[in-house]
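Novice:
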Amino acid sequence: AAITTQGSSNGLAARLAERDPSRLSNSIFNIPPAAQTYPEFLRGTWNVQTTFGGFLFPSKRIPRDKIVSNAIIPGFQKCSIAAFSDVGKDVTYQMSIDPRTGLEDRGSTLRSQIDTNLGYKAVKDIAYNAKANPNRLSIDFVDYRTRNAERIELFCNARESEMVESTGVFVCSEHIRQVTFGTGTEVGVPRQVVGNYAHFWTWRRDPDSPDGGDLKGNLLTAAYLDPQDAMFFDEPSKPVAVYSHILKAQRA
């Protein structure tokens, strides 16, 4: 997705600034988005330290106990949100963004995210081609090492980004449909779980770093109900869970 400068009051930066979870609505049935292009200050290889900042259950239509008991909501089980396979864990992963094109090396970044979250070499292979199809990514896990996942397919439904020139803040979002394949309870019958969520990143230079070259930011991850979920029509587009991570990045 091409970077836009700060726009309308309904733009991504304005919506995030409201700090209202209901503004993080799901995005479905869009024209396939282009790959995300990152601004100059984010390009390169970074060691990203993540600190879990907490969670919310913002739905006013579904009681909290019903949400908590729904085990397939993204984030409730390991690997249900690929990039943060253990949501509450503090980790440091490596993020790589091509200095020339501004495109992220999704395979490299995601491998690092999954392996550091799970604490072992979990990923066997990642198939991704930003030029052929920037909206589909396949992850194969090392055999018999990860209980909840043998393979994950990620499909991106929408992307949005915005550069706020007045503050030097860059925001971007990505709406994901994740299909996780694992070992089922019945012998020979694979387990398949579908989850829908969106990541909302905010990045800026850290003025307190020694040379001003470090980054700081935060990530909100909004989890939505799948249309096949029995509670879907109670909350069809707004998040039922929102997770927060605080981000600090230094050049690798």
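Quick note: the sequence shown uses this note's numbering, first residue 1, plus one each step.
We put the CB at the ideal spot given by N, CA and C, even for glycine.
Just so you know, these numbers come straight off a predicted model, no measurement behind them.
1. By the 10 Å Cβ neighbour count, where 16 or more other Cβ atoms means buried, how is E18 classified, buried or exposed?
2. Please go through the same chain and pick out, in chain order, the residues whose beta-carbon is closer than 8 Å to the beta-carbon of D226, but skip the five residues on each side of it.
3. Taking its Cβ as the centre, do 16 or more other Cβ atoms sit within 10 Å of D229, making it buried, or is it exposed?
4. May I have a chain-ordered list of the alpha helix (DSSP H) segments no shorter than 4 residues that lie completely inside the region 107-189?
5. Just the C-alpha distance for R151 and V142, rounded to the nearest angstrom, thanks.
6. Mind reading off the beta-carbon distance from W46 to L220? Whole number of angstroms is fine, and I expect it under 8 Å.
7. With which residues is F331 paired in a DSSP beta bridge?
8. Mind the definition here: the region 25-40 touches the region 51-65 only if three or more C-beta pairs lie below 8 Å; say whether that holds.
9. Looking at C-alpha atoms only, which residue of G102, N117, Y128 and D90 is the closest neighbour of S108?
10. Let me confirm a value: Y38 is counted as buried when at least 16 other C-beta atoms fall within 10 Å, else exposed. Which label applies?
11. Under 8 Å: do the region 83-96 and the region 155-167 share three or more Cβ pairs, one atom per stretch?
12. What residue does the alpha helix (DSSP H) around K66 start on, and which one ends it?
Specialist: Checking against the coordinates, here is how it stands:
1. So E18 counts as exposed.
2. Closer than 8 Å at Cβ, skipping near neighbours: I72, V194, G195, N196 and F232.
3. When all chains shown are included, D229 counts as buried.
4. The region 107-189 contains no whole alpha helix (DSSP H) run of 4 or more residues.
5. Between R151 and V142, the C-alpha separation is close to 9 Å.
6. Between W46 and L220, the beta carbon gap of about 19 Å keeps them out of contact (Cβ cut-off 8 Å).
7. Look at the range of the chain in this structure, 1 to 252, and you will see that residue 331 is not part of it.
8. Short answer: they don't touch.
9. S108 has its Cα closest to that of Y128, out of G102, N117, Y128 and D90.
10. Classification of Y38: buried, given that the 10 Å Cβ count is 16 or more.
11. Result no; under three Cβ-Cβ pairs closer than 8 Å.
12. Here the alpha helix (DSSP H) through K66 covers R64 to V68.
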